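Working notes, structure below.
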């Protein structure tokens, strides 16, 4: 049994007076893919963003509770946020290519971290692009602009950029919702490979995607975690009626 | 999700073949036990039937999971459905092997008729061949062979009729053979049912390839006594 890499206890988040998360308890295991599903506004993305303190950027957002990365409190005043985001990387819904070459996109994080050695950078580019299943498509045009790539390729560049800094955990917020089915399948296959080395937490509206690739699924509803169990259990025989209704599309 | 799904389908195929081999072994042993009057072997068949049932339950569970988690469509869906339906036919074949084994244990000590036992032996060989061939056709997704195997069921039915007539004749001539002959008729009908299940599996193989549910040996033509 793999061990927990992130544990969240009684996590509450308020936007001003509005409480968006009502005390979430969740544990993420190493080398597993955890999917978080639920209707829009259920708090799944908000919770995901708590895990690498992305909500710090929102003035009105206030997080309480306890989130630990390998036992360390990530909200402790002494915890280095830059280091946190290096260890817990994030991929967003829309591919975010920076307006420079594919190569520079991938090594962006490493350069920020002060890595200058050409060989190290070259090696990181190849390894990350291979892991992101993009190397064969772009190896001959690494110095072309990333903006010239297709949406699916841009998303894989974004993933390679996260992989280059060797994170422990990769957070993904709807990483394939802007992509066509073929690109989505490529990314899903890639995630299954990446699971060997990384812990992946993915927010998805696509329930089929959650059922296909995740080991565990968490179902959120109105700021509460309703059910968290192995994906097989959630999709075949969930304990809670709300989960069953949502999965079977009987909601609302 | 092709990679993962393809691997899952492969493992489904392997479980199905395993189940088929277990069932064929049960049929083979039960008939051998009946023909050689081997009570111990018959017990073996009865005692290992739970393994067949468990294998079938596991396979069915695997199919449920594939449907729930991978949402297969078109040919993939047919593959999963076929495995599920055909595996329950296999399991029923195993149950008939158990019934034959039970007859073997019962028949011990009563008056026997050599000619009928010979006929049963031949019939069993034909059934065994069919059930081995159908597994091969399933694994190779071979609808053409499936159609041919299904026609062999006519021969099985011929045996069944012949044994029935022989039994009646013997019972008329010698009342001591009545108890034994009843079992001969039962065993013949179990074998005949096994042949029908093989035909069902042939139909699933045709469905797998064509998407059409086809009746291979129309039941109205059969059983013309």
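Residue numbers (our numbering), protein chains in the order written: chain B, 90 to 341; chain P, 20 to 244. Glycine residues also receive a C-beta, built at the ideal position from the N, C-alpha and C atoms. In this text, all values refer to a predicted model and were calculated from it rather than measured experimentally.
Going by alpha carbons, who is nearest to residue 95(P) out of 80(P), 51(P), 53(P), 28(P)? It is 28(P).
Reference residue 115(P), options 229(P), 65(P), 87(P), closest by Cα: The shortest C-alpha separation from residue 115(P) is found at 65(P).
Contact criterion: CB-CB distance below 8 Å. Does residue 255(B) meet it with respect to chain P? no
What are the start and end residues of the beta strand (DSSP E) that includes residue 129(B)? Where residue 129(B) is concerned, there is no enclosing beta strand (DSSP E), given that its DSSP letter is neither H nor E.
Please list the partners that residue 320(B) has in chain P, where partner means a Cβ-to-Cβ separation under 8 Å. 88
By alpha-carbon positions, which one of 225(B), 287(B), 162(B), 137(B) ends up nearest to residue 309(B)? Residue nearest to residue 309(B) within the set 225(B), 287(B), 162(B), 137(B) is 137(B) (criterion: CA-CA distance).
Report the three-state DSSP secondary structure of residue 9(P) (helix, strand or coil). For residue 9(P) there is no data in the structure shown, the boundaries of chain P being 20 and 244.
Check residue 190(P) in the structure and name its three-state DSSP category. helix
Consult DSSP for residue 114(B) and reduce its assignment to one of helix, strand or coil. strand
So with Cβ pairs under 8 Å, would you call residue 53(P) a contact of chain B? no
Inter-residue spacing [alpha-carbon to alpha-carbon] between residue 191(P) and residue 208(P): 20 Å
Three Cβ pairs or more, each shorter than 8 Å: is that satisfied between the region 74-91 of chain P and the region 102-112 of chain P? yes
So, at 6 Å on beta carbons, what are the nonlocal neighbours of residue 175(B) in its own chain, with the 5 sequence-adjacent residues on each side left out? 254
Option in 188(P), 224(P), 86(P) with minimal Cα separation from residue 163(P): It is 224(P) whose Cα lies nearest to the Cα of residue 163(P).
Quick one, are the C-beta atoms of residue 360(B) and residue 304(B) less than 8 Å apart? Because chain B here runs from 90 to 341, residue 360(B) falls outside it and cannot be looked at.
Check each candidate in 295(B), 113(B), 97(B) and name the one with the smallest Cα separation from residue 163(B). 97(B)
Hey, is residue 281(B)'s beta-carbon within less than 8 Å of any beta-carbon in chain P? yes
Only counting the same chain, and skipping five residues up and downstream in sequence, which positions put a Cβ closer than 8 Å to that of residue 141(P)? 178
For residue 104(B), write down the residues that DSSP places opposite it in a beta bridge. 107(B), 150(B)
Give me the DSSP bridge partner(s) of residue 289(B). 122(B), 259(B)
Curious, which full-length alpha helix (DSSP H) runs of at least 4 residues does the region 155-205 of chain P contain? As far as the region 155-205 of chain P is concerned, its whole alpha helix (DSSP H) runs of at least 4 residues are 162-170, 172-192.
Chain P contact for residue 278(B) (CB, 8 Å cutoff): By this cut-off, residue 278(B) is an interface position.
Straight-line Cα distance separating residue 35(P) from residue 235(P): 22 Å
Nearest to residue 211(P) (by Cα), restricted to the options 22(P), 46(P), 39(P), 23(P): 46(P)
So residue 301(B) contacts chain P; which residues on that side make the cut at Cβ distance below 9 Å? Those within 9 Å of residue 301(B) in chain P are 20, 23, 24, 88, 89, 90.
Throw me the rounded Cβ distance for the residue 287(B) and residue 259(B) pair, which I believe falls under 8 Å. 5 Å
Buried or exposed by the 16-neighbour rule on C-beta atoms within 10 Å, applied to residue 270(B): exposed
Rounded to whole angstroms, what's the CA-CA distance from residue 135(P) to residue 201(P)? Just pull it up for me. 12 Å
Mind listing the chain B neighbours of residue 83(P)? Cutoff is C-beta to C-beta under 7 Å, in chain order. Under the 7 Å cutoff, chain B gives 325.
Would you say residue 281(B) and residue 23(P) are within 8 Å of each other, going by their C-beta atoms? Contact: yes.
Are the beta-carbon atoms belonging to residue 108(P) and residue 232(P) less than 8 Å from one another? no
Is residue 232(P) helix, strand or coil by DSSP? coil
Short Cβ contact (8 Å threshold) for residue 126(B) with residue 296(B): yes
On the CB-based measure, 16 or more other CB atoms within 10 Å of its CB, does residue 166(B) come out buried or exposed? exposed
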